[in-house]
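Here is the structure we will look at.
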Amino acid sequence: MASAESRVPPIDWDALTFSFTETDRMFVAHGTWEDGWSDGSMMDFQPLTLSPAACVLNYGQGLFEGMKARMTPDGKITLFRPEMNARRAAEGSARLV
């Protein structure tokens, strides 16, 4: 989110798309098969460190499934068809391995 010193404008949450939205911050978490995901943390926006052996770099292998969450006026969080999103992600992941 943009702060008073931010070089990017405040986020228009009602106009978000599934494309990149520039911000000053990013969330990073680390995961392993054995331990699962770390709690993660917010940090200043910066380049990512990525192994040259990362599958996403080899022959364009990768998967993206985006899902938006919205808050209703009474404070509930709603998702649009999360089961279908999870199914698409599972099917796409299966094709990658």
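Quick note: the sequence shown, position 74, residue 74 per this note's numbering, numbers continuous.
Glycine included, each C-beta is placed from N, C-alpha and C at the ideal position.
| task | Specify, as a first and last residue, the run of the beta strand (DSSP E) that leucine 79 falls within. | result | That run of the beta strand (DSSP E) goes 77-79.
| Can you find a CB in chain C that lies within less than 8 Å of the CB of leucine 96? | Here there is only one protein chain, and chain C is not present.
| task | Evaluate the contact criterion for the segment 45-55 versus the segment 64-71: three or more CB pairs, one atom per stretch, below 8 Å. | result | The count of Cβ pairs closer than 8 Å, one atom from the segment 45-55 and one from the segment 64-71, stays below three, leaving the stretches out of contact.
| request: Return the CA-CA distance between alanine 2 and leucine 96, expressed in angstroms with no decimal places. | output: Its pLDDT being 47, under 50, alanine 2 is placed unreliably in this model, and the coordinates cannot settle the point.
| task | Following the continuous beta strand (DSSP E) through alanine 69, name the residue where it begins and the one where it ends. | result | 69-71 is the extent of the beta strand (DSSP E) around alanine 69.
| query | If you draw a straight line from the alpha carbon of proline 73 to that of alanine 15, how long is it in whole angstroms? | reply | Distance between the alpha carbons of proline 73 and alanine 15 is about 17 Å.
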